[in-house]
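Participant: Dropping the structure in here first, questions after.
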Amino acid sequence: MMRIEDILMTLRMFQDENCDVRTVTLGINLMDCADSDIAVTCRKLQKKIRRLAGNLVQEGTRVAEDYGIPIVNFRIAITPVAWWAAEHDVDGVARVARALDEVAKEVGVDFVGGFSARVEKGATRSDNALIAAIPQALASTERVCGSVNVASTRSGINMDALLAVSRSILDLARRTADADGFGCAKLVIFANMPDDNPFMAGAVHGAGEPECVINVGVSGPGVVKRAVERLRAGCGDLNLGDLAEEIKCTAYRVTRIGELIGTALAQRLGVPFGIVDLSLAPTPRIGDSVGEILQMMGIERVGAAGSTAALALLTDAVKKGGAFASSSVGGLSGAFIPVSEDAVLAEAAARGD
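Residues 132 to 484, numbered by our numbering, are exactly what the sequence shown covers, in order.
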């Protein structure tokens, strides 16, 4: 039996605490689009994306309206381009990016992720071509995002690849200087890149994934902050275990929301449901900040003693709460701490903390 308090708490999450489904990402395998003729490759990938993603935004909007749960972004993740564009040079790989940009605008998605390579152990000719093409590709497109995995716990860091990527980042920043270097905001350099991440700019449709799949990214820094705030207001004698339990319970509720939306949309599109990525991704809005959570947990200000320990506790509790809520938790599932997107972190950085 549902309790009235639980219903009101769920409503409050959306109305007052900035809870949302941050992204619904359709993963698409494009390995069968490979061809020695770059024009044929581009036609194939556009045709396949139109067929599989043509109704994504329309059906996703209907699901959001039916459940009263906001979906902020609709995105596509593809098989890493370096895997299936191996026959083409730098200009050819950049042309693939422009073809992806065109079809993304056509189907109405916000971003396409997967202009990517994995080079943690070594780079192929195709990987090198993609890394060299990053400045041209991301500077000439609006909705294409890229990523490169240069390291892993098992393999260590590929320093040669890291040097090449660094040069591409500098070139990309110069090419998009008039737009505040926005091209670099569409590029992620990874260690231990997951194969099912729905969040941009690092989304890919990696190895072991099905032909097509729906992955969902949910976020709720404001929900967690308010939950900790209520806990502290109602109980004066708290320990770290109490904080962790409250965060886990909150992460559970947020994850269930993401799974509900993901399974409903997957059924309507006739594709499998993949994973829920529960990541506390902040926005510049006040009340939607990871930094505010850390302060509410007892840190005087972000950067002070205990900040790293508080972040570790927060991330661990979020992961455990999400795992209890769903057997389909994947992606990054943790806490994002981007200075440029978090009001409190930005203030701390400005102070030199």
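Every residue, glycine too, gets a C-beta built ideally from N, C-alpha and C.
(1) Would you tell me roughly how many angstroms separate the C-alpha atoms of R174 and A292, rounded to the nearest one?
(2) With a 10 Å radius around its C-beta and 16 neighbouring C-beta atoms as the bar for buried, classify L294 as buried or exposed.
(3) By the DSSP assignment, the alpha helix (DSSP H) with F246 in it spans what residues?
(4) According to the neighbour-count rule (16 or more other Cβ atoms, all chains shown, within 10 Å of its Cβ), is P266 buried or exposed?
(5) Report the rounded CA-to-CA distance for V485 versus N280, giving the unit in angstroms.
(6) DSSP on C366, reduced to helix/strand/coil?
(7) Quick check on the burial criterion: 16 or more other C-beta atoms within 10 angstroms. Buried or exposed for V335?
(8) Could you tell me whether the Cβ atoms of G158 and V347 are closer together than 7 Å?
(9) Kindly confirm or deny that the segment 317-331 and the segment 214-234 touch, where touching means at least three C-beta pairs closer than 8 Å.
(10) Report the residue ranges of all alpha helix (DSSP H) runs contained in full by the segment 165-250; include only those spanning at least 4 residues, in chain order.
(11) Three or more C-beta pairs under 8 Å: does that hold for the segment 391-405 against the segment 189-205?
(12) A282 and E251: beta carbons closer than 7 Å?
(13) Which ranges would you report for the beta strand (DSSP E) in the segment 342-386 if only whole runs of at least 3 residues count?
(14) Could you spell out where the beta strand (DSSP E) holding G158 opens and where it closes?
Facilitator: In this structure, then:
(1) One-based indexing of the sequence shown puts residue 174 at position 43. One-based indexing of the sequence shown puts residue 292 at position 161. Rounded to whole angstroms, R174 to A292 spans 31 Å at the Cα level.
(2) Position 163 of the sequence shown, counting from 1, holds the residue named residue 294. Burial call: exposed.
(3) The residue labelled residue 246 in the question sits at position 115 within the sequence shown. Judged by DSSP secondary structure, F246 falls outside any alpha helix (DSSP H) and instead within the beta strand (DSSP E) spanning F242 to R249.
(4) Here residue 266 refers to the residue found at position 135 of the sequence shown. So P266 ends up on the buried side.
(5) Here the chain covers residues 132 to 484 and nothing more, so residue 485 does not appear.
(6) Walking along the sequence shown from the start, residue 366 turns up at place 235. In this structure, C366 counts as coil in the three-state DSSP scheme.
(7) The residue you call residue 335 lines up with position 204 of the sequence shown. It is buried - the Cβ of V335 has at least 16 other Cβ atoms within 10 Å.
(8) Mapped onto the sequence shown, residue 158 falls at position 27. Mapped onto the sequence shown, residue 347 falls at position 216. Their beta carbons are not under 7 Å apart, which means G158 does not touch V347 by this criterion.
(9) no
(10) 169-184, 187-198, 212-215 and 221-238
(11) Yes, the segment 391-405 is in contact with the segment 189-205.
(12) Reading the sequence shown from its first residue, position 151 is the one you call residue 282. Reading the sequence shown from its first residue, position 120 is the one you call residue 251. Yes.
(13) 343-350
(14) In the sequence shown, residue 158 corresponds to position 27, counting from 1. Unbroken beta strand (DSSP E) run through G158: D151 to I159.
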